[in-house]
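In my numbering, the protein residues as written are 369 to 466.
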């Protein structure tokens, strides 16, 4: 049985979000298996290759060492508001994905 988030990731990648920065919030995620972790890091890698800024909100370090696979870590921020409001490293108009 596929991970339920697979459909959402596929829709997210195939859709045109039209934003330059993306925040993935893991605040309510208690755990991820290896496959889910790889899928999320691959999503971050692909979005970065498209020229988008990608950030994780991960207060419980659900994804420790968030290496996209190219030796570059996805920035982990305290909350999406920093990016959404244009705070440090952010700018207004960011798409947030649960």
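Idealized CB from N, CA, C, for every residue including glycine.
Secondary structure remark: continuous beta strand (DSSP E) runs of at least 3 residues inside the stretch 399-463, in chain order: 421-425.
Counting other Cβ atoms within 10 Å of its Cβ, residue 436 reaches 16 or more and is therefore classed as buried. Distance between residue 392 and residue 423, taken at the CA atoms: about 6 Å.
Within the same chain, and ignoring the five residues on either side of residue 399 in sequence, the residues whose Cβ sits closer than 7 Å to its Cβ are 430. In this structure, residue 404 keeps its C-beta atom at 7 Å or more from the C-beta atom of residue 425.
Spatial neighbours of residue 415 in its own chain (CB-CB distance under 7 Å, excluding positions within 5 residues in sequence) are listed in chain order as 390, 422.
A Cβ-Cβ contact shorter than 7 Å links residue 395 with residue 427. Leaving aside the five residues that flank residue 438 on each side, the residues in its chain whose CB is nearer than 7 Å to its CB run, in chain order, 413.
Rounded to whole angstroms, the separation of the alpha carbons of residue 402 and residue 386 is 29 Å.
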